[in-house]
Structure formats: C-alpha cells, structure tokens
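Trainee: Chains P and Z, in that order, are what the protein sequence lines are.
Residue numbers for the first sequence follow the working numbering, so the first one is 1 and each next one is one higher.
Residue numbers for the second sequence follow the working numbering, so the first one is 350 and each next one is one higher.
By construction, the Cβ of each residue, glycine as well, lies at the ideal position given by its N, Cα and C atoms.
Protein chains: 2
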Amino acid sequence: MADQINKTDVSELGEFGLIDKLTGAVSLRNKSSKIGIGDDAAVIDTGNEKYTLVSTDMLVEGVHFNMMYVPLKHLGYKAVVVNLSDIYSMNGTPKQITVSIAVSNRYTVEALEELYKGVNLACERYGVDLVGGDTTSSVSGLVISITAIGEVEKDKLVCRSGAKENDLICVSGDLGSAYLGLQLLEREKEVYKVNPNMKPDFSGYDYLLERQLKPEARNDVIEELKKQYIKPTAMIDISDGLSSELHHVCLSSNTGCKIFEEKLPIDSVSISLCEEFNLEPAVSALNGGEDYELLFTVPLEAHEKIKKNVSISVIGHMCEKSEGLSLIGKSGGVVSLKARGWNHQSDAD
Amino acid sequence: MADQINKTDVSELGEFGLIDKLTGAVSLRNKSSKIGIGDDAAVIDTGNEKYTLVSTDMLVEGVHFNMMYVPLKHLGYKAVVVNLSDIYSMNGTPKQITVSIAVSNRYTVEALEELYKGVNLACERYGVDLVGGDTTSSVSGLVISITAIGEVEKDKLVCRSGAKENDLICVSGDLGSAYLGLQLLEREKEVYKVNPNMKPDFSGYDYLLERQLKPEARNDVIEELKKQYIKPTAMIDISDGLSSELHHVCLSSNTGCKIFEEKLPIDSVSISLCEEFNLEPAVSALNGGEDYELLFTVPLEAHEKIKKNVSISVIGHMCEKSEGLSLIGKSGGVVSLKARGWNHQSDAD
C-alpha cells in the first residue's frame, strides 16, 4: 500500500482546535516570557515593576468585514479597539500599537488615508501611540494586522485562570447588539443586491449599527473597578460570544459555571430587532460575538460594591468543574452551554 | 463644478511614500514611546535599564512568496528570521514573537503544521518564544504577520540616525545572492510551466537557493562586534537592497555616502549565475534585496579592529549630505545611487 498523505481540513478542528494543534507543544524558554499563548494577551516580565502585555489580531476582508457596508474610517477605528480591548481585559493599559496592512491595487491612497484616520482617532481616544507597522500589497482585498502593547502593575494582572468556585460572573454593557447590527447590515445588503435603488432602512437601529461598526473598548469599566477597589479574579473580553468566553474562563480556571437567562443584559433595541427577525434574544447574547464587553469574575464579597456599578450585570456564578457550564432558563429549565462562539463569517447565522 | 474625489494609485507613491503619507503626522503622546515609525524597530522605554524593541512584518502569498517553490517549513522559518533581523539591527536581542496567519481552505492542517515546524525551528535556533498570535481564515491564499519583541541595554541601542561624516560603511556577509536565488527559482518555474516533466536544474547553485529560501539573521555579527568592543554608529538590515538601505541611513543621519563597486561583497556563485543570466553582479548587490545582512557604520578609528572580522566588508564611507549618495565604479566613474529598493514582487526584475 502506498503511503497516505494526511489531509485534514482546517474546519474539522475549528479555530481553537487548530491553535491547540499548531502551538500546543510550545514551551517558553526565556525567563521574561511569563504567559504565552492562551490568554487575551501575552505577559512579558522585563524586570520592571510592571509587566508588558502584547496582543495581536488580524482582520481579513470578506471574513471579518465587508467593504460594501463598512466605512474605512470605522474599520480603522474598530481594528485598533478590538486589540486594545484585549489589553484592558488583562486589567492593563495599552500604550503602543503597530499596524500592518496588505492592500490590493483596488485601494487608493485616499481610501487608505480614511482607514488611518480611524486608526489615529482610536489612538487619540485611548491614548496610545502608533509606533510601527508594515505596508505591503496583496493579491486581493485588504488585511489588517494590529499588535497592541500595554502594561500592568504586577499585582494588578488579571488572567483567565483565576476564577474560583462561587465567584460572581459579571459582564459589562449589553450583549448581542453587535451581532444584530451585523444581521441588519446583511439584510440591507441583500435588499440592495435585488434593487440598488432601495435606500437602506436602519431607522431606530442606530445603536446596533454603532455596536457593530464602531465598538468601544471598556477602559471605563476597568477604571471604575479600580476606583471601587475591586480586582476581578478572572477576566476576558467578549469577542467570540459570551458562551465561548465562559468556556475559556472555566477551562483555564478549572471550574464550571451557572448563568441565568433572565440576568443577561440585552438592550431593548436588540429585543425589538430579534422580534422582527424572529430570533431568540438570549441566543444572540450567548453566541453573537463582537460585543467587546468584559466578562469577569469577582469574589462573592464584592457583591454589594458591584451592585452599585450601573455598567455591570451579575449574570451567575462559578461552580465546581464537575457541574459543567449551564444556563438556567427563564422558566427554570437548565441547558448545557455550548462553546459555539463566532467564526467571524459574515454570512454565518 | 461637481466635487472631485481624488483617486491616487498607491503605486504612484511607492511603499515609503505611502508610509510617509499615512503616518507622517503621527506624534508620540506616551513618555514610554521612545522611537516610533522610521527605524527597524520601535523603541519602548518601560522604565527598566533596557529598552523594549518591537518590530513587525507581513508576508503575503503571491507577493512575498510563491507556493510553487517555497516549502512551508522554510516559509515559517524565514517569516520569523526576517523579523528577528530587525531586532538585531537595533543591536538588540529578540525574546518573543507573535505569529498571526490568515489561511484559505486550500491549506490543510498538515500544511499549517509544516509552517509551524519552521516557526518553531527558528524560535529554537534564535532562542525566542512564540507567545501569541491569531489564526483566521482568508478568502484567498496565506498571509503571515509576525511581531518580534526584543530588548537592548539603553547605552547599546543603535538607530539609523547615528552615522557621522567619515564613518566607515560596513556590510556583513555577501549581497545579491538571495535575489539571484529567486531568479533561479523563477526560471525553473517557467520551465516547469512549459514542461512539467522537466526536473528543475539547480546544480551548483544550492547556496543561492538557501539564501532565498532559508536566510539567517546575523546575530553572530552582533555578538562578534560586541566582543570587539565596536558599537556601530548606525545600523539597518538589508531587506530591500543595499541602495535603498543606504538611502534610509543617510536620510536619518543627515549625511551622504560614497561606496566602491570593487568593495561590494559578492559570492563567486552569484557571479557565475550573473554571467549565465547576463546580469551585472553589482546591480543585484545594490538592488537585489532579501539579503538580511547588516549594513552599519563605525567610526574611522575602528578600522583596524573591523578589518580582523572576516564576516565584514568595509565598502565605503559617509560624507557630507551635500555630496549625495554615490557609487564609485571599478573604472573610477561615479554614479548616483538610486533608492530603487525591492518591491517584493516575485515577478519584478
């Protein structure tokens, strides 16, 4: 029998399976490499009283964004914000970014200037410096790769792995709205394809579009928690959907969790659109993705303090690993939480 | 008259013009951002006795590499090395890298494992840690974006801007061979297209292929210079061709330069292939690119010491800015050096 060459499709493993497969055997040889792959940012100990944090993200045209409805300035802004969000979710402060782009000849200098206007606006808004990057041509479309560098005082670092049984599970802001904003844009794209003279109808849904097109990182939440002297035990930003992030935190912290459907923070505009689209609001909150809110855990004792924080919702609590990850429905039914996540396919449902 | 929308083609500006246009107005707001865009790596002052260095590069299929002749393991290795080279050229030591990839469904898990074998091999060889990254799908082809993080003692930092009039201009290794390796691969590709049964003929040219497919970063040169107590006044790695890099150093250092054709280090194998291809060896040395050798300047007093270093060639000296950048030909003729550089088009000549 001839040798067989294995050909495994990437989709069989999924993003996280693939990362495990490619980097699972990586060991850290430098003393300065404190935390490597497996958290929102890598942690580097430069021998200073602060750790250096490094996070990186790649956005690909046709996968993460569609030029039909994403203004370039917004895209530049969002590309920066999603990276900063990873630094904040380690309880850190971003300081620098590098921005690399690959562009096809379809993009004019003026178009790229728009993109960089958004990049610079985000830098200004979050107080970070654009310190480097790479500019190259691509065969098709636009690819943006950003690396964010930040810092955190050593005793303030928060990882995914610190959650304990009985810790409260908290999320900032509301969930699902960025995903619903995307659904809305996709619907209007389809309408436009059929009849290019139709004006897109976004009335009343500005909030959802903004959540999708121009998200903000929750540095305000990080600041507020510091003022309240609350240090989360674990933290992660919600980029792939609450459900997926809970799986990451539970896996890293070696716990299970229970969350309550009725506690999920969902905006009224999101609920309206869900009715129109015949979607379950809880499903978009759990699996939507791109919210860039913070998911974190705090000790039970912090309950009184955290209640006062209007941007925060307590949605459940951590439990023993053996109890698994579950959602308690409004009627009391219990369902197991699936790490469905969000594959950043704009046509995924 | 209706408003006119400006549409400037990116090619009108070229890579460096585009970078200037997009990032020219960027100012640094954080005290820790010591040096931003415009050197091989950004320099960050974390308040430590060492600076943190950050460099990033993006490689795009069909632009920087052709899967027809680049083995994936080599590609992974090279993608890491070109980034480390930027850290060494600041006289620093790389410690960590992040690797982000966007891949189309044409790539199997096994193919990506090959790519990461190369990444890990380079990490091992150069003592760096893979600490993070991003893995995503692409619409077409493969994109690799790597960020390297390193460190340098504050008083050891070498930038592009420190060269002085009369400083000696030095290069490590030999020049032009990586470019010639690429020409060879391109020729055999064309032969293969015409007749897929033809075996590629690389006999005697292994060195050139290795220079193109598996370059090494010159950390050995950095180490040797340290042992000799020579601190370069300016340094840059030769990724876009000697001519282009000299322009960067002269511009940053506010000087001109004179280099001598007869001093250019060109390997005998390169000269043979140039004869076969009817190319001028000096042209491939000046404009070839992808050599990843170091170009640096040292004070005149270092001449005796540097002569002892067999990996180094002194090719000329810096001069007053008003004298411009010139090449003294073998017959004594003087030509002005053009910043032609290398646009990483595999089909460029």
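So, M584/Z versus S100/P, is the Cβ gap smaller than 8 Å?
Mentor: Taking the first residue of the second sequence as 1, we reach residue 584/Z at position 235. Taking the first residue of the first sequence as 1, we reach residue 100/P at position 100. No, they are not a contact pair.
Trainee: In its own chain, which residues sit with a C-beta less than 6 Å from the C-beta of M1/P, not counting the 5 before and 5 after it?
Mentor: If you number the first sequence from 1, residue 1/P lands on position 1. Residue confidence is low: M1/P scores 40 on pLDDT, short of 50, so the model does not pin down where it sits. Its coordinate-derived value is still stated next. Same-chain partners within the cutoff: there are none.
Trainee: Using a Cβ-Cβ cutoff of less than 7 Å, which residues in the same chain neighbour A339/P once the five nearest sequence positions on both sides are dropped?
Mentor: Numbered from its first residue, the first sequence carries residue 339/P at position 339. The residues are S243, S244, H247.
Trainee: Taking Cβ-Cβ distances shorter than 9 Å, what residues in chain Z pair up with N66/P?
Mentor: Position 66 of the first sequence, counted from the first residue, corresponds to residue 66/P. The premise fails here: N66/P is roughly 11 Å from chain Z at the closest Cβ pair, so nothing lies under 9 Å.
Trainee: Note down, in chain order, all residues in the region 132-143 of chain P with a beta-carbon under 9 Å from any beta-carbon belonging to chain Z.
Mentor: Residues G132, G133, D134, T135, T136, S137, S138, V139, S140, G141, V143.
Trainee: With DSSP as the reference, label R187/P as helix, strand or coil.
Mentor: Within the first sequence, numbered from 1, the residue matching residue 187/P stands at position 187. In this structure, R187/P counts as helix in the three-state DSSP scheme.
Trainee: Is the beta carbon of T357/Z closer than 8 Å to that of L109/P?
Mentor: As a working note, residue 109/P is residue 109 in the first sequence. As a working note, residue 357/Z is residue 8 in the second sequence. In the sequence as presented, Leu is not what sits at residue 109/P; that position holds Val. In this structure, T357/Z lies closer than 8 Å to V109/P by Cβ.
Trainee: At which residues does the alpha helix (DSSP H) containing V103/P begin and terminate?
Mentor: Here residue 103/P refers to the residue found at position 103 when the first sequence is read from its first residue. From DSSP, V103/P is part of no alpha helix (DSSP H) but of the beta strand (DSSP E) over 93-103.
Trainee: Confirm, please, whether the CB-CB distance from K73/P to G14/P is below 8 Å.
Mentor: To locate residue 14/P, count along the first sequence from 1; it is residue 14. To locate residue 73/P, count along the first sequence from 1; it is residue 73. No, they are not a contact pair.
Trainee: Taking 8 Å as the threshold (beta carbon to beta carbon), is V82/P in contact with chain Z?
Mentor: By one-based count along the first sequence, residue 82/P stands at place 82. Judged by the 8 Å Cβ criterion, V82/P is not in contact with chain Z.
Trainee: Is the beta carbon of L644/Z closer than 8 Å to that of I579/Z?
Mentor: Locating residue 579/Z in the second sequence gives position 230, where the first residue counts as 1. Locating residue 644/Z in the second sequence gives position 295, where the first residue counts as 1. No. Outside cutoff.
Trainee: In the DSSP assignment, find the unbroken alpha helix (DSSP H) run with V598/Z in it and report its ends.
Mentor: As a working mapping, residue 598/Z is identified with position 249 in the second sequence. Element bounds for V598/Z: 591-602.
Trainee: Pick from Y456/Z, A512/Z, I493/Z, A631/Z: whose alpha carbon is nearest that of S601/Z?
Mentor: Reading the second sequence from its first residue, position 252 is the one you call residue 601/Z. Of the candidates Y456/Z, A512/Z, I493/Z, A631/Z, the one whose C-alpha sits nearest the C-alpha of S601/Z is A512/Z.
Trainee: Checking contacts by CB at 8 Å: is N440/Z closer than that to chain P?
Mentor: Numbered from 1 along the second sequence, position 91 holds the residue referred to as residue 440/Z. So, not an interface residue.
Trainee: How would you call S685/Z, buried or exposed, if buried means at least 16 neighbouring beta carbons within 10 angstroms?
Mentor: As a position in the second sequence, residue 685/Z is number 336, starting the count at 1. It is exposed - the Cβ of S685/Z has fewer than 16 other Cβ atoms within 10 Å.
Trainee: Would DSSP call H343/Z helix, strand or coil?
Mentor: Since the first and last residues shown for chain Z are 350 and 698, residue 343/Z lies out of range.
Trainee: Does the ligand NAD have even one heavy atom less than 7 Å from the beta-carbon of P564/Z?
Mentor: Inclusion of the ligand NAD in the displayed structure is not the case, the ligand content being empty and no account of it being possible.
Trainee: Taking its Cβ as the centre, do 16 or more other Cβ atoms sit within 10 Å of M318/P, making it buried, or is it exposed?
Mentor: Along the first sequence, one-based indexing puts residue 318/P at 318. That one is buried.
Trainee: For L327/P, name the three-state secondary structure that DSSP assigns.
Mentor: Start at 1 with the first residue of the first sequence, and residue 327/P comes out as number 327. Residue state, collapsed to three classes: strand.
Trainee: Check whether the region 74-93 of chain P touches the region 153-162 of chain P, counting contact only when three or more Cβ pairs, one atom from each stretch, lie closer than 8 Å.
Mentor: The answer is yes - the region 153-162 of chain P touches the region 74-93 of chain P, with three or more Cβ pairs under 8 Å.
Trainee: Check whether the Cβ of G62/P lies closer than 8 Å to any Cβ atom in chain Z.
Mentor: On the first sequence, residue 62/P is found 62 positions in, with the first residue counted as 1. For G62/P, the answer is yes, since a Cβ of chain Z falls inside 8 Å of its Cβ.
Trainee: With a threshold of 8 Å between beta-carbons, can I393/Z be considered close to chain P, or not?
Mentor: Here residue 393/Z is taken as the residue at index 44 of the second sequence, counted from 1. Taking Cβ atoms only, chain P reaches closer than 8 Å to I393/Z, which makes this a yes.
Trainee: Please state if the CB of D369/Z and the CB of N30/P are separated by a distance shorter than 8 Å.
Mentor: By 1-based counting over the first sequence, the position of residue 30/P is 30. By 1-based counting over the second sequence, the position of residue 369/Z is 20. Cβ distance not < 8 Å, so N30/P and D369/Z don't count as in contact.
Trainee: Which same chain residues, not among the five before or five after Y69/P, have their C-beta less than 7 Å away from its C-beta?
Mentor: On the first sequence, position 69 is the one that residue 69/P refers to. If we look at Y69/P and ignore the five residues flanking it on each side, its Cβ neighbours are L185, K189.
Trainee: Is the Cβ-Cβ distance between G590/Z and N636/Z less than 8 Å?
Mentor: Numbered from its first residue, the second sequence carries residue 590/Z at position 241. Numbered from its first residue, the second sequence carries residue 636/Z at position 287. Result yes, Cβ atoms of G590/Z and N636/Z sit closer than 8 Å.
Trainee: Which of helix, strand or coil does DSSP assign to H423/Z?
Mentor: By 1-based counting over the second sequence, the position of residue 423/Z is 74. The answer is helix: DSSP assigns H423/Z an H, G or I state.
Trainee: Does the distance from the C-beta atom of S172/P to that of Y207/P stay below 8 Å?
Mentor: Taking the first sequence and counting its residues from 1, the one referred to as residue 172/P is at position 172. Taking the first sequence and counting its residues from 1, the one referred to as residue 207/P is at position 207. No; because the gap between Cβ atoms is not below 8 Å, this pair is not in contact.
Trainee: My assumption, with CB atoms under 8 Å, is that A631/Z sits in contact with L649/Z. Please give the rounded CB distance.
Mentor: As a working mapping, residue 631/Z is identified with position 282 in the second sequence. As a working mapping, residue 649/Z is identified with position 300 in the second sequence. Rounded, the Cβ-Cβ distance is 25 Å, inconsistent with contact.
Trainee: Along the region 458-482 of chain Z, where does the CB come closer than 9 Å to a CB of chain P? Name the residues.
Mentor: Residues V458, E459, A460, L461, E462, L464, Y465, V468, N469, C472, E473, G476, V477, D478, L479, V480, G481, G482.
Trainee: Indicate the three-state DSSP secondary structure (helix, strand or coil) for A697/Z in the structure shown.
Mentor: What you label residue 697/Z is simply residue 348 of the second sequence in a count that begins at 1. Any answer about A697/Z is weak, because its pLDDT of 29 lies below 50 and its placement is not dependable; what the coordinates show is given next. Three-state DSSP puts A697/Z in coil, outside helix and strand.
Trainee: Kindly identify the DSSP beta-bridge partner or partners of S662/Z.
Mentor: Here residue 662/Z corresponds to residue number 313 of the second sequence, with the count starting at 1. BP columns for S662/Z point to V520/Z.
Trainee: Determine whether the beta carbon atoms of E280/P and K330/P lie at a separation below 8 Å.
Mentor: Here residue 280/P refers to the residue found at position 280 of the first sequence. Here residue 330/P refers to the residue found at position 330 of the first sequence. Result no, Cβ atoms of E280/P and K330/P do not sit closer than 8 Å.
Trainee: To the nearest angstrom, how far is the alpha carbon of S284/P from that of E114/P?
Mentor: Mapped onto the first sequence, residue 284/P falls at position 284. Mapped onto the first sequence, residue 114/P falls at position 114. Those two C-alpha atoms are separated by around 31 Å.
Trainee: Mapping the DSSP letters down to three states, classify L130/P as helix, strand or coil.
Mentor: Stepping through the first sequence from its first residue, residue 130/P is reached at position 130. Reduced to three states, the DSSP call for L130/P is strand.
Trainee: I'd like to check one pair, E224/P with N105/P: are the Cβ atoms closer than 8 Å?
Mentor: Position 105 of the first sequence holds residue 105/P. Position 224 of the first sequence holds residue 224/P. Taking 8 Å as the Cβ cut-off, N105/P and E224/P do not qualify as a contacting pair.
Trainee: Within this structure, are the beta carbons of T233/P and D134/P separated by less than 8 Å?
Mentor: Taking the first sequence and counting its residues from 1, one reaches residue 233/P at position 233. Taking the first sequence and counting its residues from 1, one reaches residue 134/P at position 134. Against a cut-off of 8 Å, the Cβ pair of D134/P and T233/P comes out as no contact.
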